[in-house]
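A.B. asks: Numbering (the working numbering), first residue to last: 143 to 397.
1) State the Cα-Cα distance for the pair residue 315 and residue 384, rounded to the nearest angstrom.
2) By a C-beta neighbour count over all protein chains shown, 10 Å radius and 16 as the cutoff for buried, is residue 362 buried or exposed?
3) Quick check on the burial criterion: 16 or more other C-beta atoms within 10 angstroms. Buried or exposed for residue 238?
4) Bridge partners of residue 202, per DSSP?
5) Starting from residue 276 and walking both ways along the beta strand (DSSP E), at which residues does that stretch end?
6) Identify whether residue 330 lies in helix, strand or coil by the three-state DSSP scheme.
7) How should residue 395 be labelled, buried or exposed, when 16 other C-beta atoms within 10 angstroms of its C-beta is the threshold for buried?
8) Which residues does DSSP pair with residue 215 in a beta bridge?
9) Residue 289 to residue 272, Cα distance in whole Å?
10) If you draw a straight line from the C-alpha of residue 298 to the C-alpha of residue 291, how long is it?
11) Buried or exposed for residue 187, please, with buried defined as at least 16 other CB atoms from any protein chain shown within 10 angstroms of its CB.
12) Any idea what DSSP makes of residue 346, helix, strand or coil?
13) Whole angstroms is fine: what's the gap from residue 295's alpha carbon to residue 152's?
14) Go through its chain and collect everything with a Cβ distance to residue 147's Cβ below 7 Å, but skip five positions before and after it.
15) For residue 220, count the other beta carbons within 10 Å of its own beta carbon; 16 or more makes it buried, fewer makes it exposed. Which is it?
16) Counting C-beta neighbours from all protein chains within 10 Å, is the total for residue 359 16 or more, i.e. buried, or is it exposed?
17) Quick check: the Cα distance between residue 381 and residue 234, rounded to an integer number of angstroms?
18) Residue 325 by DSSP, collapsed to three states: which one?
19) Leaving out the 5 sequence neighbours to the left and right, which residues in its chain are closer than 6 Å to residue 164 when beta-carbon positions are compared?
20) Is the beta carbon of residue 281 sitting closer than 9 Å to the one on residue 229?
21) Is the segment 169-177 close to the segment 317-329, with three or more CB pairs under 8 Å?
22) When you compare the CB positions of residue 262 and residue 223, do they come within less than 9 Å of one another, or not?
23) Could you name each continuous alpha helix (DSSP H) segment of 4 residues or more that falls completely within the segment 276-300, going from the start of the chain to the end?
24) What whole-angstrom Cβ distance do residue 215 and residue 203 have, given they're in contact under 8 Å?
25) Short check: CB of residue 301 to CB of residue 218, under 9 Å?
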């Protein structure tokens, strides 16, 4: 199934839904570039952007395909590391930093490699707001639900340690999961609460859309509420209680 001119949530909720490329390239040409290896999924980002867009750093996991120079790929990364980087790249805090370095309509590679991302050793530590789980597992359990919504990425999900079917697209669940990840990254980057308010207010388009849809800047409110709950959990050493229960019948990512 292909993407219609108007995005339709009902289409996204179908697990066999996928985008149809406008341009095609022989598979053999792609294999020449990859050294004969056919990847299950790769981390990519959109090079064309600007600091005044809704979001500046736009990243995703794409299935096996050929891409042009406007969609750089991160090759040589294990699937789990790619998924961790994806959540880091798509966080508001990293987007805010990227905006300070983006002056044109091109997110250059030399800018991307300068961005401060968390190291693998940091993900190996316990989550500050839940000492019973490693940060990597805490992040991946949310990231896999946000990413694996189509059969196109079944192989990638298995490489990450998830054996279940694609997740059904749920706008409400996705919003909460993304806010939990954003609150987590604000903590991991050591951003004070008052600075979060300033950072979130700088995303004018996100704010305007929220106010149109919900009558308030809902994304900012949820992130701050979750941030406060995580701070209290870290202080009291009583584990943070997730806003959502796991999707019924679907297992988490295995270590």
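A virtual CB, placed ideally from N, CA and C, is assigned to each residue, including glycine.
C.D. replies: If we stick to the structure as given:
1) Distance from the CA atom of residue 315 to the CA atom of residue 384, rounded to whole angstroms, is 12 Å.
2) Note on residue 362: 16 or more other CB atoms within 10 angstroms of its CB, so buried under the neighbour-count rule.
3) With 16 or more other Cβ atoms within 10 Å, it is buried.
4) According to DSSP, which records beta bridges pairwise, residue 202 is partnered with 186.
5) Boundaries of the beta strand (DSSP E) around residue 276: 272-276.
6) In this structure, residue 330 counts as helix in the three-state DSSP scheme.
7) With 16 or more neighbouring CB atoms inside 10 Å of its own CB, residue 395 falls in the buried class.
8) Looking at the DSSP assignment, residue 215 forms a beta bridge with 186.
9) Roughly 23 Å separates the two Cα atoms.
10) The straight-line gap from Cα to Cα measures roughly 12 Å.
11) Counting Cβ neighbours within 10 Å, residue 187 comes out buried, since at least 16 surround it.
12) DSSP places residue 346 in helix when its eight states are reduced to three.
13) Residue 295 and residue 152: Cα-Cα distance of roughly 19 Å.
14) Confidence is the limiting factor: at residue 147 the pLDDT is only 46, short of 50, which leaves the residue's position unreliable and the question unanswerable from this model.
15) It is exposed - the Cβ of residue 220 has fewer than 16 other Cβ atoms within 10 Å.
16) When all chains shown are included, residue 359 counts as buried.
17) One C-alpha to the other measures close to 24 Å.
18) Secondary structure at residue 325: helix, using DSSP grouped into helix, strand and coil.
19) So the list is empty, once near-sequence residues are dropped.
20) Result yes, Cβ atoms of residue 281 and residue 229 sit closer than 9 Å.
21) Contact between the segment 169-177 and the segment 317-329 is absent, because fewer than three Cβ pairs lie under 8 Å.
22) In this structure, residue 223 lies closer than 9 Å to residue 262 by Cβ.
23) Within the segment 276-300, the runs of alpha helix (DSSP H) that reach at least 4 residues and sit entirely inside it are, in chain order, 277-289.
24) That belief does not hold up - the Cβ atoms of residue 215 and residue 203 are roughly 10 Å apart, past 8 Å.
25) In this structure, the beta-carbon distance from residue 301 to residue 218 does not fall below 9 Å.
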